[in-house]
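A short write-up of the structure that comes next.
Residue numbers (our numbering): 1 to 454.
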């Protein structure tokens with residue numbers, strides 16, 4: 001069930017690993033898509049805007065959870081690449097303890113502050129109650145977010161990118177059924193959509209945990225290996241917290257941009273919501289490439305195969321650029337009918353704005369490809385702090401757009417938010433990669449391990 005990424009053709013390995021991941025990310029987006037389509041069609045534009053108004057704060061918190069879990073999996077990938085399975089199990093055990101602690105603390109904090117956060121974001125008064133009803137349930141589900149992302153991260157660190165997808169497919173169908181049941185049959189409104197998402201993710205997380213325990217012999221943790229270990233927890237936090245903060249720092253910029261969008265009215269929020277769901281799908285290949293490069297980099301660093309890092313990076317960038325062209329054509333020719341999945345045909349102005357956002361984003365997808373590929377590769381190589389700095393650059397860019405461009409350019413300013421953020425991040429990440437490369441080459445040279453090059 002495991003896959004060794006320290007041997008073989010990098011392009012084939014990256015494709016073989018990332019395709020199942022792509023389906024996984026698509027089905028994660030399917031959760032959001034189902035919520036949005038059903039909310040928009042059955043509950044109307046105001047409820048759609050209410051869900052959309054929570055998007056950036058949702059990413060701020062849930063993104064932190066996902067980032068932390070991704071960081072936790074990096075030492076596991078290192079130990080797997082080094083074939084140190086006893087230490088690998090100890091790291092997995094400490095991942096579990098830390099996940100429980102983080103989940104409990106974040107659930108209490110975010111649930112208690114949910115409404116105030118929406119007020120700070122200047123959420124329109126006509127939708128704030130429904131926005132709160134939605135995001136409060138999502139925050140109560142933070143423990144299952146940790147459950148799924150921690151277990152699936154460990155499974156991927158061992159080279160198995162397919163199994164988590166199988167469970168996501170299953171839970172996606174469950175999500176569809178629960179959405180219809182809670183919203184159409186029980187008339188629970190947006191709160192029902194949130195509850196369906198939480199339950200479905202809980203099911204996929206539980207399935208990943210059971211599979212991990214039953215099928216991976218190297219993960220059968222002995223009693224003494226369950227003991228909490230301060231050193232390993234510090235190592236895990238040193239990887240996980242910077243990656244979580246990277247998501248959150250990036251999301252702060254999104255919160256600023258969302259707040260600026262909120263001032264344009266619920267129609268603008270609805271357009272951003274609809275285009276955001278579609279762009280979420282279109283951007284899934286970049287998420288898959290990023291997660292692939294984190295595992296690829298982690299395993300090869302653990303095996304001291306630095307000669308393979310540059311080969312994998314070039315292969316993945318070629319894939320990213322090729323897909324960017326395809327995504328742009330999809331937005332140009334299918335943007336309007338896709339927007340109509342979420343909005344009534346009579347909402348012509350909102351549909352036009354949603355299509356414009358899609359085109360602006362996909363036109364600069366090559367920049368997003370570099371952001372995900374290089375950032376996750378650097379993280380997998382053991383330098384997670386750079387992720388925070390890249391997030392700061394994105395935050396600054398979105399802050400400039402939110403404070404300076406949206407008041408002047410209106411919705412066009414909103415459309416410039418993501419492209420400018422990706423450009424700022426790349427201006428930092430490309431030189432950062434070369435710095436990491438030189439640092440690791442020097443470390444290997446000083447250790448006398450040879451003259452391998454990246």
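Glycine included, each C-beta is placed from N, C-alpha and C at the ideal position.
Keep in mind that this is a model prediction, so the values were computed, not measured.
Rounded to the nearest whole angstrom, the C-alpha separation of residue 338 and residue 350 is 13 angstroms. No residue range can be given for residue 44, since it is assigned to no alpha helix (DSSP H) and is classified by DSSP as neither H nor E. Judged by DSSP in its simplified three-state form, residue 215 adopts helix. Your pair residue 288 and residue 380 does not check out as a contact, with CB atoms roughly 14 angstroms apart and the cut at 8 angstroms. Under the three-state reduction of DSSP, residue 364 is assigned to coil, being neither helix nor strand.
In the displayed model, residue 262 falls within a helix according to three-state DSSP.
When C-alpha distances from residue 352 are compared across 195, 395, 270, 394, the shortest belongs to 270. Residue 329 counts as exposed, since fewer than 16 other C-beta atoms from the protein chains shown sit within 10 angstroms of its C-beta. For the set 84, 373, 228, the Cα lying nearest the Cα of residue 94 is the one of 228. In terms of Cβ geometry, residue 355 and residue 218 do not form a close pair [threshold 9 angstroms]. With contacts defined as CB atoms closer than 9 angstroms, residue 444 and residue 214 fail to qualify as a contacting pair.
For residue 210, the closest C-alpha among the options 177, 234, 155, 193 is that of 155. Cβ contact annotation for residue 260 (same chain, cutoff 8 angstroms, sequence separation greater than five): 401, 402, 403, 406, 407, 413, 414, in chain order.
Judged by DSSP secondary structure, residue 78 falls within the alpha helix (DSSP H) whose first and last residues are 55-81.
Contact between residue 239 and residue 75 holds, with the beta-carbon distance rounding to 6 angstroms and staying under 8 angstroms.
With a cutoff of 9 angstroms on beta-carbon distance, residue 359 and residue 331 are scored as near each other. For the 9 angstroms CB-CB criterion, residue 159 and residue 80 form a contact. In this structure, the CA atom of residue 91 is about 27 angstroms from the CA atom of residue 140. Beta-carbon to beta-carbon, residue 205 and residue 144 are separated by about 5 angstroms, close enough to satisfy the 8 angstroms threshold. Pairing residue 441 with residue 325, the inter-Cα distance amounts to about 35 angstroms.
Closest option to residue 367, judged by alpha-carbon separation, among 174, 286, 398, 146: 286. Taking C-beta atoms as the reference points, residue 377 and residue 420 fail to come closer than 9 angstroms.
Inter-residue distance for residue 438 and residue 382 is about 14 angstroms (C-alpha atoms, whole angstroms).
In the structure shown, residue 139 falls within a helical segment according to DSSP collapsed to helix, strand and coil. Relative to residue 44, the option among 127, 168, 112, 176 whose CA is nearest is 127. The straight-line gap separating the alpha-carbon atoms of residue 65 and residue 387 is approximately 15 angstroms.
Leaving aside the five residues that flank residue 251 on each side, the residues in its chain whose CB is nearer than 7 angstroms to its CB run, in chain order, 56, 59, 60, 63. In the structure shown, residue 9 adopts coil according to DSSP, grouped into three states.
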